[in-house]
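Enquirer: So the sequence lines, in the order shown, correspond to chains A and B. When we follow our numbering, the leftmost residue of the first sequence carries the number 81, and every step to the right adds one. When we follow our numbering, the leftmost residue of the second sequence carries the number 81, and every step to the right adds one. All residues carry an ideal CB built from backbone N, CA and C; glycine is no exception. Nothing here was measured: the structure is a model prediction, and the numbers come from that model. Encoded as structure tokens, here's the structure I'll be asking about.
There are 2 protein chains.
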Amino acid sequence: MTTMRAVQQQVHAKEDYDAFLAVCPSRQLLDRISNKWVVLILCALGGASPQTGASEGPRTMRYSELSRLLAGVSQKMLTQTLRSLERDGLLTRTVTPTVPVTVSYRLTDLGLSLHHLTREIRNWAQAHMGEVLAHRDDYDAVAS
Amino acid sequence: MTTMRAVQQQVHAKEDYDAFLAVCPSRQLLDRISNKWVVLILCALGGASPQTGASEGPRTMRYSELSRLLAGVSQKMLTQTLRSLERDGLLTRTVTPTVPVTVSYRLTDLGLSLHHLTREIRNWAQAHMGEVLAHRDDYDAVAS
């Protein structure tokens, strides 16, 4: 199994990925990670403070905690997004046989490496919101 | 007009934005910039090399050039995305009265600041594609 996987990785690594190409798998991966729920889940599990964006280190979170923190996410969307992130190797899902059962999530090293980037996107959106709103006011004033 | 805008910016800047909140404008901005077409348009205008991701500096591109480079984008989607980026102050649109008319786009300083972040997201997707594919193979082998 390990050997098989190592071989697969080698094969995959030999290709050149280019997200500008519609048929490239990295285009589809870019599409998946360019998603506000992915960004917010990675921010939450990466331990980024909601206000300052500073990282307090990765943490394990229960499904219910994530659901509460990500205001407005539907259960279906949250479940689907978590499953795809698990499948891509960005987080691990642990089921603890309590009553009721506890399901918790934690970033892998791969997920953490992406978190460092998406955290900056979230911070950018929060930091430049005022500037963007002013630009919209100007644009709409000229257009109307 | 300038004074008005300066006042607006101050008012906006005084608020604390938190993208975890469904009602926060930064949630909607995060949604807009977390989009593969936005990432690819910023990469193109920021001059990031498709293969290495290294920046060759910002450049002015015609609509037709962008349309060709972003394989698979529909004309409607490209037009809408460019318009929202212009409205948000991330790029400028210049119309030159040639026959036929030439429309070209260039990143503003604000757009360039976001480009530096989204470029890394694109590079991450291309660099870790092999690893992600291997994880998917493992996940699907266990699930089936």
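1. I want to know whether the segment 108 to 120 of chain A touches the segment 159 to 168 of chain B - three or more CB-CB distances under 8 angstroms.
2. Name the chain B residues whose beta carbon is nearer than 7 angstroms to that of E136/A?
3. For Y97/B, which residues in the same chain have their Cβ closer than 8 angstroms to its Cβ, ignoring the five residues on either side in sequence?
4. Check whether the Cβ of V212/B lies closer than 8 angstroms to any Cβ atom in chain A.
5. Whole angstroms are fine: how far does the CA of L109/B sit from the CA of T178/A?
6. Going along the chain, which residues of the segment 181 to 200 of chain A sit with their C-beta nearer than 8 angstroms to a C-beta in chain B?
7. Three-state secondary structure (DSSP) at V153/A?
8. Using the C-alpha atoms, what's the distance from T159/B back to T172/A?
9. Interface residues of chain B around G169/A at Cβ under 7 angstroms?
10. Given that G152/A touches chain B, what residues does it touch there, using C-beta distances under 9 angstroms?
11. Going by Cα to Cα distance, which pick from T188/A, H195/A, W204/A, Y143/A is closest to G169/A?
12. Pick helix, strand or coil for T140/A, following the three-state DSSP scheme.
13. Measure the alpha-carbon distance for V153/A versus S147/B and round it to whole angstroms.
14. Just to confirm, are H208/A and L122/A a CB contact at a threshold of 8 angstroms?
15. Taking the alpha carbon of Y143/B as the reference point, which residue from G127/B, G137/B, T174/B, G126/B has its own alpha carbon closest?
16. Kindly indicate which three-state DSSP category T159/A falls into: helix, strand or coil?
17. Compare the C-alpha of A205/A against each of L190/B, G126/B, A214/B and name the closest.
18. If you draw a straight line from the C-alpha of W117/A to the C-alpha of L101/A, how long is it?
19. One question on the structure: do L197/A and E145/B come within less than 8 angstroms of each other, judged by their Cβ atoms?
20. Between L165/A and chain C, is there a C-beta pair that is closer than 8 angstroms?
21. Tell me whether M157/B is buried or exposed, calling it buried when 16 or more other Cβ atoms sit within 10 Å of its Cβ.
22. Let me check understanding here. Comparing Cα to Cα, which of Y219/A, Y185/A, R216/A, A221/A lies closest to P138/A?
23. Which residues in chain A have a C-beta closer than 8 angstroms to the C-beta of S114/B? List them in chain order.
24. Expressed to the nearest angstrom, what Euclidean distance is found between the alpha-carbon atoms of Y219/A and L149/A?
25. For L120/A versus A99/B, is the C-beta distance shorter than 8 angstroms?
26. In chain order, what residues of the same chain lie with their CB nearer than 8 angstroms to the CB of G210/A, ignoring the 5 residues before and after it?
Expert: Looking at the coordinates:
1. no
2. In chain order: nothing, as chain B lies at least about 15 angstroms away.
3. C104, P105, S106
4. yes
5. 39 angstroms
6. L190, S193, L194, L197, T198, E200
7. coil
8. 39 angstroms
9. E211, V212, H215
10. L101, A102, V103, R107
11. T188/A
12. coil
13. 33 angstroms
14. no
15. T174/B
16. helix
17. L190/B
18. 25 angstroms
19. no
20. No chain C is present in this structure, whose protein chains are A and B.
21. exposed
22. Y185/A
23. S114, N115, K116, V118, V119, I201
24. 34 angstroms
25. yes
26. none
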